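Quick note on numbering: my numbering labels position 265 of the sequence shown as 268, and the sequence is numbered without any gaps. We put the beta carbon where it would ideally sit given N, CA and C, even for glycine. All values reported here derive from a predicted model rather than from experimental measurement. Report on the structure given below.
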Amino acid sequence: MNYKLHTNGQWDILGNNIHLKNAYPAINGLPLSPVSVSVENDSVLYRLEKGQIQLNFLKKDDKVEVTCTLCGLRGIHDVELLANALADHAEHVFIQGLGMQGPSGCHPITGRGQSNASSPNPNSDEAQKAPFISHGLISLFNDDGAFFVYARDHRHYINCYQVGVTQNLFAGEAVCFSGGFNLENTAGDTLTLPTLYFAEEENLFPGLQNCAREIAQTMKARTAMPPVFHWCSWYYLYQNLSQELLAEYLKEFQVIENVPFHYIQIDAGYAPHTGDWLLPNHLFPQGLKEAAKSILDAGYHAGIWVAPFIVGD
Numbered sequence: 004m005n006y007k008l009h010t011n012g013q014w015d016i017l018g019n020n021i022h023l024k025n026a027y028p029a030i031n032g033l034p035l036s037p038v039s040v041s042v043e044n045d046s047v048l049y050r051l052e053k054g055q056i057q058l059n060f061l062k063k064d065d066k067v068e069v070t071c072t073l074c075g076l077r078g079i080h081d082v083e084l085l086a087n088a089l090a091d092h093a094e095h096v097f098i099q100g101l102g103m104q105g106p107s108g109c110h111p112i113t114g115r116g117q118s119n120a121s122s123p124n125p126n127s128d129e130a131q132k133a134p135f136i137s138h139g140l141i142s143l144f145n146d147d148g149a150f151f152v153y154a155r156d157h158r159h160y161i162n163c164y165q166v167g168v169t170q171n172l173f174a175g176e177a178v179c180f181s182g183g184f185n186l187e188n189t190a191g192d193t194l195t196l197p198t199l200y201f202a203e204e205e206n207l208f209p210g211l212q213n214c215a216r217e218i219a220q221t222m223k224a225r226t227a228m229p230p231v232f233h234w235c236s237w238y239y240l241y242q243n244l245s246q247e248l249l250a251e252y253l254k255e256f257q258v259i260e261n262v263p264f265h266y267i268q269i270d271a272g273y274a275p276h277t278g279d280w281l282l283p284n285h286l287f288p289q290g291l292k293e294a295a296k297s298i299l300d301a302g303y304h305a306g307i308w309v310a311p312f313i314v315g316d
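Next comes the structure, spelled out in structure tokens:
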């Protein structure tokens, strides 16, 4: 893993397998238009009409670190340290969801990026064509290895990435990669953003474990106990889970490999009305006691969604 700086201000991150090439910063979604660019051995300085941006590069422990410092800039909503870099040899992507915004998982990159439309339905045709969005970390990978980009410090800014396929006017398709931070107009006289780390591993999962470990250490996460994995019915069925469907899910969970759930949580839909949490309904005619028993008998801990303050007088 190494980096290469170009005299025009573009830069590359070169892994043994996957490369990010021709990266260039952007502010508020637009590429920089600097008055001048100065390139040193380990830094690039972009002088703007008002203010400047400096990127510092460091190769350390088989990783490349890139840190961005803003000086004299105001009204900045977001900064992309690398905008529309070409991702050579990237075939698949692992994305990390942000809360309710979307699930995490692995996807083929081909065919994504032809639409910028935003759809509330993730299964719609437009959503299936939109670029992938990831938060906190992202991995590009193929059969020969995995390439990771992530920040360790997430105390103040949202770290976000985008990857998708672009169709050039006269050339073929290319995979484009962008990544940076949402500042929410906090930029002032001088601001140094969290460092971006670029790393690679032979396999995806060990690399994700390394990223998570480094982020946890920086954020002082509680790591005394191992992670606990949950399955929640809401994200698959909303309020439509039933005792019959629960039995089917539990049966399949037993035969599918690498599904390390500890808790099975029943979400909304088990009560006849909001607030009548203890009364059975047509979906769970035998009540929650039978539902919990089936979960426990399958070897999981049982969880339940309750919203006691959602109901008023």
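Beta-carbon contacts of residue i that lie in its chain and below 7 Å, excluding the five residues immediately before and after
i      : result
Lys134 : Looking at the sequence shown, residue 134 is not Lys but Pro. Answer for Pro134: Arg115, Gly116, Gln165, Val166, Gly167, listed in chain order.
Gln242 : Ala271, Gly272
Trp280 : Ala274, Val309
Environment of residue i [buried if 16+ CB atoms lie within 10 Å]
i      : result
Gly210 : buried
Tyr160 : buried
Leu33  : exposed
Gly302 : exposed
Phe208 : exposed
Gly183 : buried
Gln186 : Going by the sequence as given, residue 186 is Leu instead of Gln. Classification for Leu186: buried.
Gly18  : buried
Ile259 : exposed
Val69  : buried
Pro123 : With a pLDDT of 48 at Pro123, under the threshold of 50, the modelled position of that residue is not reliable, and no figure is offered here.
Asn261 : exposed
6 Å CB neighbourhood of residue i in its chain, flanking five on each side removed
i      : result
His22  : Asp91
Phe287 : Gln246, Tyr273, Ala294
Ser236 : Leu244, Ile269, Asp270
Tyr266 : His233, His304, Gly306
Val67  : Met4, Tyr6, Ile16, Phe201
Gly54  : Cys74, Gly75, Leu76
Leu35  : Pro28, Tyr49
Glu94  : Asn145
Lys292 : none
Residue i, enclosing alpha helix (DSSP H) - first and last residue
i      : result
Val231 : That residue, Val231, is in no alpha helix (DSSP H); it is neither H nor E in DSSP.
Pro209 : 207 to 221
Gln257 : 246 to 258
Ile298 : 290 to 300
Leu17  : Segment 14 to 17 is the beta strand (DSSP E) holding Leu17; no alpha helix (DSSP H) there.
Leu186 : Unbroken run through Leu186: none, as it is neither H nor E.
Tyr238 : 237 to 240
Residue i - containing beta strand (DSSP E), residue span
i      : result
Gln165 : 161 to 170
Ile136 : 135 to 138
Asp81  : 81 to 91
Glu203 : 199 to 204
Tyr266 : 266 to 269
Pro111 : 108 to 111
Thr10  : No beta strand (DSSP E) contains Thr10, which DSSP labels as neither H nor E.
Gln55  : 55 to 63
Thr277 : Counting along the chain, Thr277 falls outside any beta strand (DSSP E), and DSSP gives it neither H nor E.
Arg50  : 46 to 50
Val96  : 95 to 98
Val42  : 39 to 42
Same chain, Cβ closer than 8 Å to residue i, neighbours up to 5 away in sequence not counted
i      : result
Gly139 : Gln99, Leu101, Tyr153, Ala154, His157, Asn162, Ile218
Glu52  : Val38
Ser181 : Ala29, Glu83, Leu85, Ala86, Asn87, Ala88, Tyr164, Gln165, Val166
Asn171 : Ala177
Residue from the options with nearest C-alpha to residue i
i      : options                       : result
Ala149 : Asn206, His80, Val262, Phe201 : Asn206
Asn11  : Arg216, Leu249, Lys132, Val38 : Val38
Pro28  : Gln57, Trp14, Glu52, Ala86    : Ala86
His285 : Ala177, Leu248, Ile141, Lys62 : Leu248
Val82  : Leu196, Leu282, Asn59         : Leu196
Ala177 : Leu89, Ile136, Glu204         : Leu89
Glu43  : Lys24, Asp300, Gln13          : Gln13
Glu251 : Ile298, Phe151, Thr198        : Ile298
Cutoff 8 Å: residue i Cβ touching any chain D Cβ
i      : result
Val168 : Looking at the structure shown, chain D is missing, and only one protein chain is on hand.
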